[in-house]
Every structure is written in C-alpha cells, then in structure tokens.
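In structure tokens, the structure reads:
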C-alpha cells in the first residue's frame, strides 16, 4: 500500500497506506552540513557524532516533537548572496544547494517523505541554468536514467508520499536570460503557444519513465514558483500527467498577503482541477548570526504567530493537501530556521508551530 | 577489508614495514615515490572508477538486481566490494558513471556509502564543474566569497564525516578540467588587464589554494589527489591539452598528480615524466581502460575514433594482458603510484566494464585476479625483468 489521493464531493484527501486521511505537514531543507561549520562542528560531534544519530536523534526527534509528519525536500540553500528582496525578475542570483538525502537515509528515518527527481537544471535560483532540448534523444535517455536510478529503491516504500520534479523551474523567463532554445526570441503570445508544446513533452517524457519504474506512487510535479507566477500553458500541459499541483509561496506577513496566497492557490487549483500541496513556505527575522535577514516580522514570536495566521486558513480548503515549511537549522546562507545555529530551537516559533501542527494533523477533512 | 595472504587490511605489501601514521601517505626516497598504508606498508592502487547501480536497473536487468541484491546497500557489499576483493582490486577510485548520450554522469556515492564499504576509496569533490566533457560546465570567480563558501560546504559534506576514516586514501576533484581562461575572464573582474598566461596562473593558484584550505579546515590528515588532469588524448568534445602552469601552480596544494588519459603507458610516458617533474608529485593514473568488442560495442563503434583506437584490443584475454602490462610499466616508472581502471559494470552508453549489465564478469577479470593476487611480487619481478625504469629510480 502507498499514499494515494481520494476525491469525492469536490473534496480532495491525501490518504496514507493504512487508509487514513493525511495532511502532509513537512519540514524542508534538512541538511547536516548546517551543523558542521567551524562554529558548531564540535557541538555536532558531542550531540550526534554520526549521520545516523543525527537523523534519528536530531531530525526525527525534532520533527515528531514539533508535530511535523513529513520529511520534505531536503536540499538546502548553502551559498550565494540573497541580500535583496525576493525579486525573481531582478538581477539573476546563484544560490548553491546541498546534495539530497540518499534513499537509504530517507527510508531509515521511518517517517513519511518525498523524493525529488531533478529533470532539468532550470531553477530560478540557479545562476547557471541549463535548458534541455525536450525533443531530443538525450532528454528521453536522461529521464529514463533518472527514473531507473531513483525510483527502483523507493518503489516498495510505504513512507514515500511521491516524487517532486524541479524546484521553482523557470517556465517564465529566467532572470539570466536563458531559455529553451525553441522559445528564444519569440514574442509573449508565440512563446506561450510553443511553451505548451515544450511543457507537454517535458511532463510526458519524465512521467512516462517514472510510471514505468514505479507505478505505485504519486507524482507531485514541479515545485512551482508561486510568487513569480505560473504560465497557464504549463499548467494546461501539466494536468495531463501530474497528480498534485505543488507550489512554493512565501506570503507577505500581513492579512492581505496571506489572503492573496489563498486566493492564488485556489485559482491555480480551479484552473487545473488538481489538489494543492504548498511545497515551500516560510518566514524570517533578524538573528544573531544573520542580522541582515530583515522582514516585517521583528521577532521569533512574530514568526510563530505568522505561521498560524498564514497556514491555518488553508486547512478549510477542500483542495488543500498540506504544507512543507522552509528551514530546519539556521545556516549562514539562508539565514533562518526553526533551530538556531547552535542546534537550539527558537522556542517562540516552535511552540505555536506545535499547536497548529497538532490541529492540522488530527483535523477531519472538510 | 579482510586480509589476504601477503597483504595488510588495506591491500598494502606486508613484506616491508615503514612508518605507520594511521592514514594513507606518500613517501619519496632515492628509489622513487610510493604510497604507504595506514599500517605502514607500501601500497600500489589497483582501483576501479565508475561504479553505479543504475547499470543493473534496466528493464532487462532489474530482475537480476532484485534477486541478487534487492537494495543499494546489499549491491555495494555483495556485488561491488565482493567482486573487487575477489579480483584483487584494492580501491574505489571515484564512482560517477557516464549515463546519457551527452555524457551526463550519475552522482558520486555518499560519504556514508564510501565509508560503509569498508574498502579503500578516493571520492570526488565537486568544487567546480568545469569538465571538458560537461555540456553544462560552469566557470566561477575563484577569487569571490561565493566560491569560498561553496568549497567550505563541500568540505563540510565530505571531509567532516570522513576525516577519521583510515580507508579514505584521499580526495580528488574534477575529472578533466578545461582551463579555459576566456570563460574564467567572463566571471572574474580582477583578471582585467592581465595577459592570458598570468591570468590563468592566478586562477589556477587561487583555485587550488581555496580547495586545499577548505579540505584542511576539516581534515588535516588525508591526501589530496586534486583534479584528474586531462591527458593529451581526444574526447568527442575536442582535443585536450593541459597548460603547463597547472602543474607548476598545483604543487603546493596537492599531494598527488592525478592524470586522466586513455592511452597505453608507452605513449603517455614522455609527458608524464615532464609533468611529474614540474610539480614534483607522484602520479596516479586515475581513469582509463582497454576495451574489447562486446554485445554493445562493435569494432567500428565511434568510441574507438579520434585516438581511442589505441585502447582497443581483440578480445577479453588481450584485455587482461593489457591490464597487466600497463600496471607493470606504470609501476616501473618509479613515480606512478596506482591506476584506476575505467568502469565496473557495462551500461548502454559507456558500453564496457568488468561486468556485463547482467552482472556477469568478463573473462579478463580472471587474468587480473591472477595478477593481483600476487601484486607486489609480480610488480617486483616486472621491474627486474624490464628496463623501463627511469635512471636512479629503482625501488
């Protein structure tokens, strides 16, 4: 048995392998190297001493304690300046990301988890994007390799929720100016027409190979950049092949900003007919190690209140499957997390998080 | 690693006892360069490069994977390590494998996988992906803080968890880096006004300094094998030629000169002599092979074009014999300290390995096993027999 979707009377539910409703409340960017800087490596040695211990006694212990039920996308933002606002249309950025957890690590955690299949290196945070020729033998062969290589080790896993594809892919033009070769130089209308063809081939190819290697699990799709926007042509192509509409969205920490997030997620759901997973959402405030991470939230307590204010309304939506929160241990690149750089939880954040997570994961679906 | 007759637990030569430091190290004497195991015994690497389980996960071979192994950890211990031990090889010499027509490569094994293998290993660290064969090669400003931060991340990922592992022989970097100064200029404002030679010299020096310092921040003890410098052979992406400045500038920051060159030893010899003198380091032949036609590889396969025909042998027996000849000649040089044989298992793009994609070993492994089982005695006998050693470099 595996995680599956249930749809009745207009309401979508993620169902766990035991047949129970499951709201996926996950934590993203769970990376061990955040505790191996010169400023905290000794602490990691004292507390854990091995990756296995860190996973069992650190990650799983924390997530369960705080009411998270899913290990989200584990790769972490580890290098690259991001001192400006979240402006995806501004100057290109280049944010280095850590390597993902292995299948053995994910399976050994004993927790529900997700896996990413990085079809193409076209993320909005990637300063050196590589747009493939989706019509080529190379693209087909590489997708076949990815599915064969990755899915075989998860095909029998009860804890795998599903496969993500690319993190915030640049379906809208990339800030660097790079694009799919077939789309270069086209005006917006012509680009949108061709974009549908490109996206259709992209999703058709990778999902065909995933389903061949693993017919059992859900395809959670690209983790769209909701703040930047998602082209309708891509959503129209995606819905033929993908099970879940996964969107990253960082709302402004205001009532209006939070309502805007709900409105936009609802609109994308209505456009595609797919249930929605909020694949990456977070907030931040200045800290001792990262005083430059300013926002409208002036304290860790304000972050905790924002967590509840932003996410609780989504639980009433019949198309909503869950959220994955951004950041575990604070590092020097991302600059925020639920634990400080010395592996201590920010109590003012995790206390309200624990409260809402408990309500979310025990809540009967509408 | 279980001890075999005449070998220590790392595959070192029990006949000679040298200083034991708990880590692999290099040693230079009047008789030449050699590696020494953590227990203080001379060590010559007979390693394997490109070890990836996706070769056993094709639709036609997945049943073999499931029936024989069933998991990656079992595949590592019962397929890879068991095979290498059985054949007498003594190191994993990086694991990324060529997996798509345009030479995309699989990921490197994780630190836990290398360490858990219980076998000597040389992992590759992705400090900068500027391989000549890489369609997505990236050039960065090696003088910038982003590059420093990235190297520090890589060192936290690789070196922090492996710093105390005696099975770690050392760290290697990029396979066949393309030192294209024009590409570096595009991302490096501080090179403005410098001529190409001086600009490249500064880039090379800074690159090796930053990578070295990142490793040493977390691991003061293990060897640094550096980049797999490309030899003067030909790839589908064009001819290669390593700039001499690479050899002169790396010397301060690496312990071993690793060379990736797909040619018989006699053809490489003159260049290797010169490069080795430029940096005054022992040489590791990091990645090459001899190849015989098989079910995926005909005699006229494009793989054998552009100089690579020199790798082609008639059959598996000749393949094994070519292996023996290459190891003997390399050892006799007095400065080569090992060789990484290219590819553990055949897949549909590389097409050759020591096992087929159905997990069956090729006949050449019998000859390799016979030679490796008495590796050091065979090498000493070869030195006595041959006259290929450089003057004054008799071991």
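Residue numbers (the numbering used here), protein chains in the order written: chain A, 1 to 366; chain B, 1001 to 1395. Every residue, glycine too, gets a C-beta built ideally from N, C-alpha and C.
1) Alpha carbon to alpha carbon, how far is residue 162/A from residue 967/B? Give it in angstroms, no decimals.
2) Who are the Cβ neighbours of residue 1215/B in its own chain at under 7 Å, not counting the five residues just before and after it?
3) Considering only the alpha carbon of each residue, which of 1072/B, 1367/B, 1343/B, 1100/B lies closest to residue 1262/B?
4) Flag this pair as yes or no: are the beta carbons of residue 21/A and residue 13/A separated by less than 7 Å?
5) Look at the alpha carbon of residue 1032/B and the alpha carbon of residue 212/A, and state the distance between them as a whole number of angstroms.
6) Per DSSP, which one or two residues make a beta bridge with residue 169/A?
7) For residue 230/A and residue 185/A, I'd like the C-alpha separation in whole angstroms.
8) Hey, is residue 1317/B's beta-carbon within less than 7 Å of any beta-carbon in chain A?
9) 7 Å is my cut-off, CB to CB: does residue 14/A come that close to chain B?
10) At which residue ranges does the stretch 276 to 300 of chain A contain complete beta strand (DSSP E) runs of 3 or more residues, listed in the order of the chain?
11) Between residue 50/A and residue 1026/B, what straight-line distance do the alpha-carbon atoms span, to the nearest angstrom?
12) According to the neighbour-count rule (16 or more other Cβ atoms, all chains shown, within 10 Å of its Cβ), is residue 215/A buried or exposed?
13) Please specify which runs of the beta strand (DSSP E), each continuous and at least 3 residues long, are wholly inside the stretch 194 to 280 of chain A, giving them in chain order.
14) Closest to residue 1053/B by CA distance: which of 1063/B, 1288/B, 1281/B, 1076/B is it?
15) Anyone know if the C-beta pair for residue 1222/B and residue 1257/B falls short of 7 Å?
16) Compute the beta-carbon to beta-carbon distance between residue 220/A and residue 244/A, rounded to the nearest angstrom, for a pair I have assumed lies under 8 Å.
17) State the start and end residues of the unbroken beta strand (DSSP E) segment that holds residue 1071/B.
18) Between residue 147/A and the rest of its own chain, which residues show a CB-CB distance below 6 Å, the 5 nearest in sequence each way excluded?
19) Taking Cβ-Cβ distances shorter than 9 Å, what residues in chain A pair up with residue 1062/B?
20) Going straight from the alpha carbon of residue 1190/B to that of residue 130/A, what length do you get?
21) On the criterion of 16 or more Cβ atoms from any shown chain inside 10 Å, does residue 241/A qualify as buried, or is it exposed?
22) Go ahead and label residue 303/A buried or exposed: buried means 16 or more other beta carbons lie within 10 angstroms of its beta carbon, across all protein chains shown.
23) Rounded to whole angstroms, what is the Cα-Cα separation between residue 300/A and residue 5/A?
24) Starting from residue 1027/B, follow the alpha helix (DSSP H) in both directions and report where the run begins and ends.
25) If you draw a straight line from the C-alpha of residue 1219/B to the C-alpha of residue 31/A, how long is it?
26) Please name the residue, chosen from 112/A, 40/A, 178/A, that lies closest to residue 127/A on a Cα-to-Cα basis.
27) For residue 1320/B, count neighbouring C-beta atoms within 10 Å of its own C-beta (all shown protein chains included) and say buried if the count is 16 or more, exposed if not.
28) Taking the alpha carbon of residue 279/A as the reference point, which residue from 63/A, 52/A, 37/A, 70/A has its own alpha carbon closest?
29) Closer than 8 Å by C-beta to residue 43/A: which residues in its own chain qualify, once you throw out the five before and the five after it? Chain order, please.
30) For the stretch 1146 to 1166 of chain B, which residues have a CB atom closer than 7 Å to at least one CB atom of chain A, in sequence order?
31) Helix, strand or coil: which one does DSSP assign to residue 1317/B?
32) Nearest to residue 1011/B by alpha carbon, out of 1090/B, 1072/B, 1082/B?
33) Could you name the residues of chain A that residue 1207/B contacts, counting a contact when the two beta carbons are closer than 9 Å?
34) Beta-carbon of residue 85/A versus every beta-carbon of chain B: anything under 7 Å?
35) Buried or exposed for residue 217/A, please, with buried defined as at least 16 other CB atoms from any protein chain shown within 10 angstroms of its CB.
36) Excluding the 5 residues flanking residue 1138/B on each side, which residues of the same chain have their C-beta closer than 6 Å to its C-beta?
Concretely, from the data shown:
1) Since the first and last residues shown for chain B are 1001 and 1395, residue 967/B lies out of range.
2) 1155, 1159, 1171, 1224
3) 1343/B
4) yes
5) 55 Å
6) 123/A
7) 20 Å
8) no
9) no
10) 276 to 281
11) 29 Å
12) exposed
13) 218 to 225, 245 to 248
14) 1076/B
15) no
16) 5 Å
17) Careful: residue 1071/B lies outside any beta strand (DSSP E) and carries neither H nor E.
18) 209, 210, 213
19) 148, 152, 213
20) 26 Å
21) buried
22) buried
23) 35 Å
24) Segment 1025 to 1029 is the beta strand (DSSP E) holding residue 1027/B; no alpha helix (DSSP H) there.
25) 20 Å
26) 178/A
27) buried
28) 70/A
29) 35, 342, 343
30) 1146, 1149, 1150, 1153, 1156, 1157, 1160, 1161
31) helix
32) 1090/B
33) Result: empty, since nearest Cβ-Cβ is about 16 Å, beyond 9 Å.
34) Residue confidence for residue 85/A is low, a pLDDT of 48 falling below 50, so the modelled location carries little weight and cannot support an answer.
35) buried
36) 1129
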